[in-house]
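K.L.:
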Amino acid sequence: MSGYTPGEQPKDMKYVKLNTNENPYPPSPAVAKAMKSFCTDRLRLYPDPLACELRKTIADIFRLKPENIIVGNGSDDILTITTRAFVGEGEPLASFEPSYSLYPVLAELQACRCIKIPLRYDGDFHIPPDSAEKAKDARLFYIARPNAPTGTLFPIDEIKKICRKFKGVVFVDEAYADFADDNCVGLLKEFPNLIVGRTLSKSYSLAGLRLGYALASREIIEGMMKVKDSYNVGMLVQALAVAALKDRKYFNETKKKICRTRAFLVKSLNEKGFEVCGSQSNFVFAAPPDNDGGGLYRRLKKNGILVRYFKGPVTGRFVRITVGTDGEIRTLLRNT
Ligand SMILES: Cc1ncc(COP(=O)(O)O)c(C=O)c1O
435 MSGYTPGEQP KDMKYVKLNT NENPYPPSPA VAKAMKSFCT DRLRLYPDPL ACELRKTIAD
495 IFRLKPENII VGNGSDDILT ITTRAFVGEG EPLASFEPSY SLYPVLAELQ ACRCIKIPLR
555 YDGDFHIPPD SAEKAKDARL FYIARPNAPT GTLFPIDEIK KICRKFKGVV FVDEAYADFA
615 DDNCVGLLKE FPNLIVGRTL SKSYSLAGLR LGYALASREI IEGMMKVKDS YNVGMLVQAL
675 AVAALKDRKY FNETKKKICR TRAFLVKSLN EKGFEVCGSQ SNFVFAAPPD NDGGGLYRRL
735 KKNGILVRYF KGPVTGRFVR ITVGTDGEIR TLLRNT
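Just so you know, we're using my numbering here: the sequence shown kicks off at 435 and counts up by one.
What follows is the structure, encoded as structure tokens:
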């Protein structure tokens, strides 16, 4: 198997780095404070395997119970746990295409097939109406909402329709939902087969910390808890994640700044003749006027700006640009 290819992480930071959807702003100052006051003697001991305080903190934010929450070493760990919990050898999983390229890799790891359902494109990406039907043999359906790399926020009614019709587990990957107008957390009450995945990597500026989580019914979480590594989230990570999650003010301010810069980036790219997909994330998927995404990627890289390029008949026209600071985006725009 070929494995997952992560975006480039250059050792020297001479690049304007707009390729892996990290947050350009530092994490909340509460994180640094929690780190300074953390007693390192405690690291002698194993962490709380149930991450009780952290799960309670998350539960309070969403008005759920800790029994509805599982935490992991980034949301990639949550995705691995989900695949292992719900897909047996030879039982397919389903995902859209283009979408997060880890989903088919997880299928391969589980020795199962990935049913790839192409999104419809007509200037933007749409869920085809017969998706649940196409996915009917699968046990698990991965839907990134907002989608990556396109940034699309599929209508919530489409998600409901899939939850209703699809017989297996629906995982709505909301890695970018904090930058969007709505999310699927409210659907959990209605659909016992739904899991909503989240991460602190994007909206909390903590990609390096590695903390992801999922929200679901008690029964689903119980099943996932059996599959996870006992100590899948370290003690320091648990403490720092609690500090970050509790600072709602900083979180909201950072989120607003990113959304403002996104609007500026979209408008500027449109003015330059780019075809820009509607984005509800901290990145935009945009095709230059000559439709040569690869060419633009290489030109930008030569000029010290990293964006992400996904080759392929649909995606190859585009580049994916992370929303950086206003200064970084101005530098990008000068070079496009
Ligand atoms: C759709 C989607 N889900 C999950 C992840 C993984 O995030 P994490 O850093 O929490 O593992 C990413 C990372 O880019 C992503 O794009």
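Think of the CB as a built atom: it goes at the ideal place given N, C-alpha and C, for glycine as much as any other residue.
What three-state label does DSSP hand Val753 in the structure shown?
P.N.:
strand
K.L.:
In three-state DSSP terms, what is Tyr647?
P.N.:
strand
K.L.:
Per the contact definition of three or more C-beta pairs closer than 8 Å, is the region 484–497 in contact with the region 546–562?
P.N.:
no
K.L.:
Please classify Glu531: does DSSP put it in a helix, a strand, or coil?
P.N.:
Secondary structure at Glu531: strand, using DSSP grouped into helix, strand and coil.
K.L.:
Would the beta-carbon of Gly437 be found less than 7 Å away from any heavy atom of ligand 1?
P.N.:
Outside the cutoff, so no.
K.L.:
Could you compute how far the alpha carbon of Ile492 sits from the alpha carbon of Lys736?
P.N.:
42 Å
K.L.:
Return the CA-CA distance between Asp475 and Leu645, expressed in angstroms with no decimal places.
P.N.:
22 Å
K.L.:
On the three-state DSSP scale, how would you describe Leu640?
P.N.:
coil
K.L.:
What does Thr439 pair with, by DSSP beta-bridge criteria?
P.N.:
BP columns for Thr439 are empty, so no partner.
K.L.:
By DSSP's criteria, Gly506 is part of a beta bridge. Which residues make up the other side?
P.N.:
In the DSSP output, where bridge partners are listed per residue, Gly506 has Gly646.
K.L.:
Run the proximity test for Asn455: is its beta-carbon closer than 7 Å to any non-hydrogen atom belonging to ligand 1?
P.N.:
Asn455: yes, Cβ under 7 Å from ligand 1.
K.L.:
Taking 8 Å as the cut-off, decide whether the C-beta atoms of Arg768 and Phe719 are in contact.
P.N.:
no
K.L.:
Quick one: is Thr439 buried, meaning 16 or more other Cβ sit within 10 Å of its Cβ, or exposed?
P.N.:
With fewer than 16 other Cβ atoms from the protein chains shown falling within 10 Å of its own Cβ, Thr439 counts as exposed.
K.L.:
CB of Gly508 to nearest heavy atom of ligand 1: below 7 Å?
P.N.:
yes
K.L.:
For Arg632, which of helix, strand or coil comes out of DSSP?
P.N.:
Strand at Arg632.
K.L.:
Provide the residue span of the beta strand (DSSP E) that contains Ala721, from first to last.
P.N.:
717–721
K.L.:
Is it the case that the Cβ atoms of Ile515 and Val661 are separated by a distance below 8 Å?
P.N.:
Contact: yes.
K.L.:
Does ligand 1 have even one heavy atom less than 7 Å from the beta-carbon of Tyr638?
P.N.:
no
K.L.:
With a 10 Å radius around its C-beta and 16 neighbouring C-beta atoms as the bar for buried, classify Ala519 as buried or exposed.
P.N.:
buried
K.L.:
Given a threshold of 16 other Cβ atoms within 10 Å of its Cβ, counted over all protein chains shown, does Leu479 qualify as buried or as exposed?
P.N.:
Counting the other CB atoms within 10 Å of its CB gives Leu479 a total below 16, which places it among the exposed residues.
K.L.:
Taking all protein chains shown into account, do 16 or more other C-beta atoms lie within 10 angstroms of the C-beta of Tyr555, making it buried, or fewer, making it exposed?
P.N.:
When all chains shown are included, Tyr555 counts as exposed.
K.L.:
Contact defined as beta carbons within less than 8 Å: I believe Ile692 pairs with Asn716. What is the distance between those atoms, to the nearest angstrom?
P.N.:
5 Å
K.L.:
Are the beta-carbon atoms of Asn581 and Phe575 separated by less than 8 Å?
P.N.:
no
K.L.:
Could you pull the DSSP bridge partners for Asp607 from this structure?
P.N.:
Ala578, Gly631
K.L.:
Distance check for Ser639 and Tyr459, CA to CA, integer angstroms please.
P.N.:
7 Å
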